[in-house]
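Asker:
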Amino acid sequence: MKICLFGGTFDPPHIGHLLIAQTICEAEKFKKVIFIPSLKPSHKRKNVMSPVDLRVKMLESATESNPHFEISDIEIKRGGTSYTIDTVLTFKREEKSDR
């Protein structure tokens with residue numbers, strides 16, 4: 559299945575995030591776009607971000623009407639600073655184990 563991983567702080571999620579996700583989903587024919595909120599992005603100071611549970615709730619509200627959009631808490635569960643390579647490798651491992 560062809561999926562798109564879309565990471566970010568989503569603080570707050572906005573129409574730009576949704577338009578990017580919808581456009582890439584249609585253009586590249588992804589089955590789903592998985593939004594991945596970062597716990598601690600490496601490029602932002604943590605004290606300027608909204609709490610992660612609030613960001614997830616806002617993201618749920620923003621994406622709930624689109625059946626192609628999902629949310630993963632993989633970076634939140636992993637803890638620590640979020641790096642894209644770690645997330646991609648984790649998804650690849652999970653994909654292999656699902657086969």
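Residue numbering for the sequence shown follows our numbering, starting at 559 and increasing by one per position. All C-beta atoms in this analysis are idealised placements derived from N, C-alpha and C, irrespective of residue type, glycine included. Treat the numbers as computed from the prediction; the structure is a model and nothing was measured.
When we look at the beta-carbon of V591 and count the other beta-carbons within 10 Å, is it buried (16 or more) or exposed?
Answerer: For the purposes of this step, residue 591 is taken as residue 33 along the sequence shown, with counting starting at 1. It counts as buried.
Asker: DSSP state of K602, grouped into three classes?
Answerer: Against the sequence shown, residue 602 aligns to sequence position 44. In the structure shown, K602 sits in coil (DSSP, three-state: anything other than H, G, I, E or B).
Asker: Rounded to whole angstroms, how far is the Cβ of I632 from the Cβ of I594, which I believe are closer than 8 Å?
Answerer: For this step, residue 632 is matched to residue 74 along the sequence shown. For this step, residue 594 is matched to residue 36 along the sequence shown. Contact holds; Cβ gap of about 6 Å.
Asker: Return the Cβ separation of L563 and T645 in integer angstroms, given the expectation that the two are a contact with Cβ distance under 8 Å.
Answerer: Against the sequence shown, residue 563 aligns to sequence position 5. Against the sequence shown, residue 645 aligns to sequence position 87. At roughly 7 Å, the Cβ-Cβ gap stays under 8 Å, so L563 and T645 are in contact.
Asker: Which one or two residues does DSSP pair with K590 in a beta bridge?
Answerer: The residue labelled residue 590 in the question sits at position 32 within the sequence shown. Answer is I561.
Asker: Start and end of the alpha helix (DSSP H) containing E618?
Answerer: Residue numbering aside, residue 618 sits at position 60 when the sequence shown is read from its first letter. That run of the alpha helix (DSSP H) goes 610-621.
Asker: Work out the CA separation of L647 and L597 for me, nearest whole Å.
Answerer: The residue you call residue 597 lines up with position 39 of the sequence shown. The residue you call residue 647 lines up with position 89 of the sequence shown. If you take the alpha carbons of L597 and L647, they lie about 17 Å apart.
Asker: Which residues does DSSP list as the beta-bridge partners of S640?
Answerer: Indexing the sequence shown from 1 puts residue 640 at position 82. S640 is bridged to P599.
Asker: Give me the residue from V610, F588, H575, V606 with the minimum Cα distance to K635.
Answerer: Indexing the sequence shown from 1 puts residue 635 at position 77. Out of V610, F588, H575, V606, V610 has the C-alpha closest to the C-alpha of K635.
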